[in-house]
Every structure is written in structure tokens, then in C-alpha cells.
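Reviewing the structure listed below.
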Amino acid sequence: MKKIFLLFIGLFCLLMKGYAQESRIDRSTITIPNTTRAVMQLKVTDRTYLPMKSFEQTSSVPLQVKLKESQWKLDSLPQIDAPAAQEMRSDEKNKTAYGEKFKNALVMGIGNYGHSLFDFNASQSAKENKFLGLYLHHDANQFGPVMSEYSARSENLARLESRSLGRVNYWESTLEYKMFSNYYYGFAEIPSFVKANDLLASYTRMSAAGKLSSAKKTPSADYVLSIQADQLTNAQDLKELLIQGHGVYVHGMSEKLRFKLAGDYIYSEYSPSASLQKWNRSLYRLNPHLAYKSSRVSLNAGFMFVTESDEPSVEKTSVFPMLQMDFGASDYIHLFGGVGGDVQFNSYQSYLKQNAWMRTQSQLKNTNQVGHVYGGIKGIGGNKVIDFEAQYDYAEYSDLPFYVNAVSAPNKFDVQYRGGLEKVQVTTYSANLNFNFTSQFTSSFKFNHVIYEQLGVKFNAPHIPATTLSWINSWRVSPKILIAPDVYWMQSLYALEPVKNQLIQMDDILDVNLKINYFIKRNLNIGLSGNNLLGKNYQKYYQYQVQGLNATLSLAYSF
């Protein structure tokens, strides 16, 4: 913790030294890093097959509460954010509070490795303040270079959406059904007597969510309330019910000062099998703080109270200070930083989102971020052609989860927790540089380097690359053609060999991809995506090789 307080004191002095400089930067949003990079692992085994352009129904009623909290979202590979195609039916008579009145889409695609893709959006805003939508999704392919029946995956989803804007409240709700399957193909050799169904990991998830917010945006008060319930099951009688509630209330005390109260409630019922007892867990989080904003400075100061119960008879409460600052040193440069801590609620569903080949877990623990300090600088220049950000992040954790191959089933994965009395120390250096040369061409470089300390003897953060570089581009060659090449490089990947319990260094990952979109009409485009162009069967998880060169041809039509 000594590093945390020394860095914070230095950062605070630096901010006070530059306070007298004039600035006109809007400090309405405070930059807070996504600390889950240190908790969850980069997920590179999932391929993105969708064409760059998807015709989505979006809401034009933005929530005014822009509180950026530590939300512990799962990390993943950066996705290409290509320029949107021209929208159809853009005349005013078809516009509603939610955007276009008729904005439906159909996407179909096929590719090698038996890939099939289907997306269907159907929405209707019969009234100006009401919206109903249906979304159907199918995505299946052979996931790895093993015999097709042992490396296939499938995902099917159906979702109903509704939104309603009243005089007092704005309401959103969704109901979703999802079925997803993968095969445990991570064997050196698959015995002849093993059938494909013996290696099938298939899950079903039912989800229901609702969000309520104020329709009357006033300087004096605002609020957002949301709740979501997810029920996960499989054929082996695994069940997990996850209920998550979140709320934010904002009260204006003056023109520059606001009081904010954020709260979370998470409840879980987890049963690994029918023969084992149901396991109830819960977490409460309360975050009262003051938010100050001027032309030069934005500041959030308060406390984080977290009460967690991993066992019915054991309840633990943690209190963390919260201080987040953003200072505009000039019109083009500003500094940011903060200190704090938090607790991450780990569920079987959260682990499964990262690693599809998880074995049923007998133990689930939350991760305690006992201390966190970060600081950085960001800016814009060259007539907004260039923008950059560089950041230092240091945190200490107890019960930090890592994915390791199971000893009794090497083709499946267990979670191993590290950090007890000696906390795991995680230092992260990250930076990104974006070039917006024209509206037709953009290029982005991203860098991330993470250092783990106090992990124990001969334990090198399995399945987490120490260094990650990405180069993402988007180039509109003509009004009808858009191309987007990207390159990812990951270095220093390790795995824990389960039988001999030895640390193994895996090969570096170099992944090159290219997507091309051709717009036949303003509402009809054809896309070609090529992934892993170098044809490398690299491993992100030990014994799970990914596909070689794979391509998908897709057709998207909006009506």
C-alpha cells in the first residue's frame, strides 16, 4: 500500500501546481480505468464474424447521468468501430423519440469451418413514445482445427425489447433466451471410444431486465434504477440464479456541486448438481459521494461501502475511500487520477463468459481490490487529428482468479485463487494513440503491459499476456467500399501443465484480420471478413488451438 499513497501524494501536488492555468475543457466526465484487465483475462478465442455494419435500433433519448463507476466488465479484444453506413428512410415523418420508426435488418452469412450466421432485427414504433423490438441471432462454426465434431460451437438467441417514454419516467425492458454450446476438444489425442456428446458443454440462459429513469431532466435531481435476473442451467443439473440491481440518485446542491448516491445489490443461488446443496451468496454496495465540476476541474470524493456474504453465516464489510480527479491543464491537455478500492462479485456465469470450457466449480469467491491508485495524461492536438492517452495503474488484490487446466480433466479448466495475507500486486501501463486523418480514414494504436507480483513460487499469471499491442484501422476507399484491417500481438503467455504442475511458456500470438464492406445500395451491403490471415493455430488457452485462416461472406439488408 506504500506505493499507492506515495503516488497519490505526487499526483495531487502535480494537479495543484497546474491549477492556476486557464482551461475551457468540459470536465463533466471523469476518466476511470477499467481495472478488470487485472482481474479477467483477454479473450482471443472468440472470433467476430459479423459484418462491420449492423443496422441496429438505437435510442435517441440519452440518459443524463454519466457517472462512470468501476463496473468490472469482462475484458475482450478491441472491436473495430467502423463508420456507419448511410441510413434509409431519413425523412422527418419517420422519426420518433427513438430514432427511425422503421429500422429493421436481416443479416445472413456463410464461411469455412462450417460457419453459419443469421441475424434478424424487427422493430416498430407505432406511437411516438413507444417501441417494441425483436432480435434473433444464430452463429455456429467449428471452433478449432481438431476433428469438426469435437471443436464445434453454437449460439442461438432470441430477445424481446420494449421502451416507453412517459411524462415522468422512461422505461426499458428486455426478455432474452440464449442457448450456447462448445465441445471440450483440448486433448492431445481423442480416444476412439469417446463420443462427441460426451464432450459437449451446453448451457441455457434465461434473462429478464428492466430499467427506470427520470423523463424530466432537471438540474436539481435525477435517478436511474435497473434490475436484471439471469437463470443458467445445463443438462448435468447445474443451476445458477443471478439477480443484479443497480441505482443512482443525483441531487444538485449548487451550480457546481452535486450529491450522488450509487448502490448495487447482487444475489446468487448456485447449485453445481442436483446432489449438492444450493449455495446462496450476496453482495451490497453503497457509494455516497460529492461531485464537483468547474471549467478546470472535475472531482468525485466519497466512500465505497461493500458488504459480501459468500457463506450464510459469514458476512464481511469493507470500506474504501473514493477520490477521482480530472484537471484541465490547457485546452488540449489534461491530467487525471484517483484512489479507491472495490469488491468484484464472481459467479460461474462470469467465468463462463471468459472461458467456454470451464468445469463445474465447487467453490466461488469474490475478488477484493484492497487498494487502487491510477494516474495519467490525455490530450488532443493537430486540429483534432491526433488524440492520445497514457496511464499508470496499480492495485492490490486478494482472491484474484486465474484459469488453470484441471488436474483430473486436463481438457477442462478450474479457477485458482491467489492472494491471501500477501496481496497480489498488479501494475499496468497502458497507452493509446488515435489518428483521425480524415472522415474517411482512421487509425488507432493501443498498448498494454501488466506486471503481477506476489503470486507465489513459479506462478506466472496463466493465460494472461504480459504485453498486448493492437493496430486498428478503418478506411472508406469510396462511397461504396469500406475496409478495416487490424493486427493484434500478444507476448509472454504461460500455462500451468496440470499433470506435472510445471509452468509452460506458450508461443506469442500474432493475429491479422481484414474486413471489407461493399454497399450495393444505401440499405444493402455485402461484407467479407477474413480472420487469422496468417493461418496460425495459436493457443490462448493451453491445448485449445484456434482456427487457421477463416473467412465469412455476409449480406445485410435494412428495410
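Be aware that the sequence shown starts at 5, since it is given in this note's numbering, and climbs by one per residue.
Idealized CB from N, CA, C, for every residue including glycine.
Query: So if DSSP puts SER354 in a beta bridge, which residue, or which two residues, is it bridged to?; Result: Answer is none; SER354 lacks a bridge partner.
Query: Let me check one thing: in DSSP terms, what residues is PRO292 bridge-paired to?; Result: LEU265
Query: For SER286, which option in VAL111, GLN248, VAL198 has the closest C-alpha, if you only look at C-alpha atoms?; Result: GLN248
Query: Less than 8 Å between the beta carbons of GLY364 and PRO276, yes or no?; Result: Inspection of the sequence shows that residue 364 is occupied by Thr rather than by Gly. Yes; because the gap between Cβ atoms is below 8 Å, this pair is in contact.
Query: Note down, in chain order, each residue of its chain lying with its Cβ closer than 6 Å to the Cβ of TYR561, except the 5 sequence neighbours on either side.; Result: LEU110, LEU528
Query: Classify LEU203 as helix, strand or coil using the three-state DSSP reduction.; Result: helix
Query: When the Cα atoms are used, what is the spatial distance from ASN201 to ASN173?; Result: 49 Å
Query: Leaving out the 5 sequence neighbours to the left and right, which residues in its chain are closer than 6 Å to TYR227 when beta-carbon positions are compared?; Result: SER218, TYR253
Query: Is ALA109 a contact residue of the ligand ATP, with contact defined as CB to any heavy atom under 7 Å?; Result: Only the bare structure without any ligand can be found here, which leaves the ligand ATP out of the picture.
Query: Determine the contact status of GLY4 and ASN291, defining contact as a CB-CB distance below 8 Å.; Result: This structure cannot settle anything about residue 4, because the visible part of the chain is limited to 5 through 563.
Query: In the DSSP assignment, find the unbroken beta strand (DSSP E) run with HIS467 in it and report its ends.; Result: From DSSP, HIS467 is part of no beta strand (DSSP E); its letter is neither H nor E.
Query: Go through its chain and collect everything with a Cβ distance to GLN547's Cβ below 8 Å, but skip five positions before and after it.; Result: GLY190, PHE191, ALA192, ASN409, PRO414, ASN415
Query: Whole angstroms are fine: how far does the CA of ASN505 sit from the CA of ALA459?; Result: Checking the sequence shown, residue 459 turns out to be Leu, not Ala. The alpha-carbon atoms of LEU459 and ASN505 are separated by roughly 15 Å.
Query: Less than 6 Å between C-beta atoms, sequence neighbours within five positions excluded: which residues of the same chain meet that for LYS282?; Result: GLU273, SER275
Query: Tell me, to the nearest whole angstrom, how far the beta carbon of LEU121 is from that of THR556; I am working on the premise that it is less than 8 Å.; Result: 7 Å
Query: Please work out which residues of its chain come closer than 6 Å, Cβ to Cβ, to MET183, disregarding the five sequence neighbours upstream and downstream, and give them in chain order.; Result: ASN160, THR208
Query: State the Cα-Cα distance for the pair TYR433 and ASN359, rounded to the nearest angstrom.; Result: 25 Å
Query: So what's SER152 in DSSP terms, helix, strand or just coil?; Result: helix
Query: Comparing alpha-carbon positions, which option in SER206, GLN232, LYS199 lies nearest LYS215?; Result: GLN232
Query: Where do the N-terminal and C-terminal ends of the beta strand (DSSP E) with ASP403 fall, by residue?; Result: Run containing ASP403: none; DSSP gives neither H nor E here.
Query: So the beta strand (DSSP E) SER533 belongs to, where does it begin and stop?; Result: 528 to 535
Query: Using 8 Å as the threshold, is the C-beta distance between LYS260 and LYS220 below it?; Result: no
Query: Is there contact between the stretch 389 to 408 and the stretch 420 to 436, where contact requires at least three CB pairs shorter than 8 Å?; Result: yes
Query: How big is the Cα-Cα spacing for ASN452 and SER302?; Result: 26 Å
Query: Based on the DSSP output, what are the partners of ILE337 in its beta bridges?; Result: GLY383
Query: From the beta carbon of TRP175, is the nearest beta carbon of chain C less than 8 Å away?; Result: Reference to chain C is not applicable here, since this structure consists of a single protein chain.
Query: To the nearest whole angstrom, what separates the beta carbons of TRP479 and ILE487, a pair I think is in contact under 8 Å?; Result: 5 Å
Query: For LEU537, I'd like the list of residues in its chain whose CB is within less than 7 Å of its CB, leaving aside the five on either flank, ordered along the chain.; Result: VAL516, ASN517, LEU518, LEU553
Query: Given a cut-off of 8 Å, decide if GLY379 and GLY341 are closer than it, judged by their beta-carbon atoms.; Result: yes
Query: Closest by CA to ASN370, which one among ALA499, SER496, TYR421?; Result: TYR421
Query: Report the rounded CA-to-CA distance for GLY534 versus ASP143, giving the unit in angstroms.; Result: 16 Å
Query: Note down the Cα distance separating PRO66 from LEU169, rounded to an integer number of angstroms.; Result: Caution applies to PRO66, whose pLDDT of 26 falls short of 50 and renders its modelled position unreliable; the value that the coordinates give is listed next. C-alpha separation (whole angstroms): 12 Å.
Query: In angstroms, rounded to a whole number, what distance separates the CA positions of ALA573 and LEU164?; Result: As displayed, the chain neither begins before 5 nor continues past 563, which places residue 573 out of reach and without an answer.
Query: Measuring straight from C-alpha to C-alpha, what distance separates ASN464 and VAL377?; Result: 23 Å
Query: Along the chain, where does the beta strand (DSSP E) that runs through ILE231 open and close?; Result: 225 to 238
Query: Beta-carbon within less than 6 Å of ARG167's beta-carbon, same chain only, minus the 5 sequence neighbours each way: which residues are those?; Result: PHE135, GLU176
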